[in-house]
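Chemist: Got a structure here, written out as structure tokens. Questions coming.
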Amino acid sequence: MDRLKYAISITDEPVGVNTPVMLHGTFGKCFRAAADCGYDGVELQIKDPATRNVKALLELMKTYHLAIPAITTGMEYFGNGLSMISDDPDIQRKAVDRLIEYVHLAAEVGGMVLFGSMRGAIDDFSRYDELEARLIKNLQKVQVEAEHRGVDVVFEPINLYVINYINSLDEGAAFVRKMDSSRFWLMIDTHHMRIHDGDMYEAILRNKDLIRYVHYSDGNRFYPGGGNIDFLSCTKALLKTGYDGWVTMECLALDDGVRCAKRALEYSQGLEAACRAVL
């Protein structure tokens, strides 16, 4: 089994102190810092993907020997108000078109598209079946393009304080199965799992066949080891399933993002080494 690959979330968008991203600024600055810390890749937290300079991104990847394993889409909901289940058909259409733009950018850089909060929140649970059907219908439009471009769209269960449905890993897995697509997968985020999944080790094992991507973040959104999540157990579960994909740090920068980025990587690599020694 290959070793895990480690990435860190970065952004060049204006963000507040409560945004879980340790490296922000120009992408040149972020790529350089990620490489200096020893990461294998960077995850892009962006909005408006069609405005991005693909040539510049590819050049940064080449210069710093970093992959772009994934691009997040959450800023489209919280920043641009785009929701797949909106009652406004125009917003639905814009959300579908925007997610397809992410698929196009991901195809150019060789990454995945992470889909979570852009599904939108439900304000009336008596309409759940109707709104879930709307979500599936709109995602299927995106999946046609994802399958054509060879891009995986990865679904993120998110805690109920952010999005109020499909919160646990088991619920996310059930939704992924409803999509029934070779390009639609499941990801885990330890911060959200801590709230909804109870025994995280067992939750990972139960859903091993669908997991394509991983976010590490402690319970307080600090770097791994900065809170109370049992990352040793999570890492053991991932390795036991044969997972050898990406583990990306999506954490608060605190007072020094680079310092936190280094601690996150060193801690996670140490856990992986310890787990491999006994597996």
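For the sequence shown, numbering that gives the first Met the number 0 gives the first residue as 0, with consecutive numbering after it. We put the beta carbon where it would ideally sit given N, CA and C, even for glycine.
(1) Between the C-alpha atoms of L22 and P88, what's the straight-line distance to the nearest angstrom?
(2) Can V150 be considered in contact with the ligand NAP, in the sense that its beta carbon sits closer than 7 Å to one or more heavy atoms?
(3) Which residues mark the beginning and the end of the beta strand (DSSP E) in which M279 is found?
(4) Going straight from the alpha carbon of A276 to that of Q91, what length do you get?
(5) Can you tell me which of T10, Y76, K28 and T71 puts its alpha carbon nearest to the alpha carbon of R213?
(6) Check for me: the beta strand (DSSP E) holding G256 runs from which residue to which?
(7) Please classify S267: is it buried, with 16 or more other beta-carbons within 10 angstroms of its beta-carbon, or exposed?
(8) Excluding the 5 residues preceding and the 5 following I228 in the sequence, name in chain order all residues of the same chain whose CB lies nearer than 6 Å to its CB.
(9) Going by C-alpha to C-alpha distance, which of G15, L3, P19 and G40 sits closest to F221?
(10) How about C29 and L264: do their beta carbons lie closer than 8 Å?
(11) Using DSSP bridges, identify the partner residues of I210.
(12) Is K4 helix, strand or coil by DSSP?
Modeler: Checking against the coordinates, here is how it stands:
(1) 36 Å
(2) This structure simply doesn't include the ligand NAP, nor any ligand for that matter.
(3) With the chain covering only 0 through 278, there is no way to say anything about residue 279.
(4) 49 Å
(5) Per the sequence shown, residue 213 should be read as Val rather than Arg. V213 has its Cα closest to that of T71, out of T10, Y76, K28 and T71.
(6) That residue, G256, is in no beta strand (DSSP E); its alpha helix (DSSP H) goes G256 to V277.
(7) buried
(8) T189, R193, D217 and G218
(9) P19
(10) no
(11) L185
(12) strand
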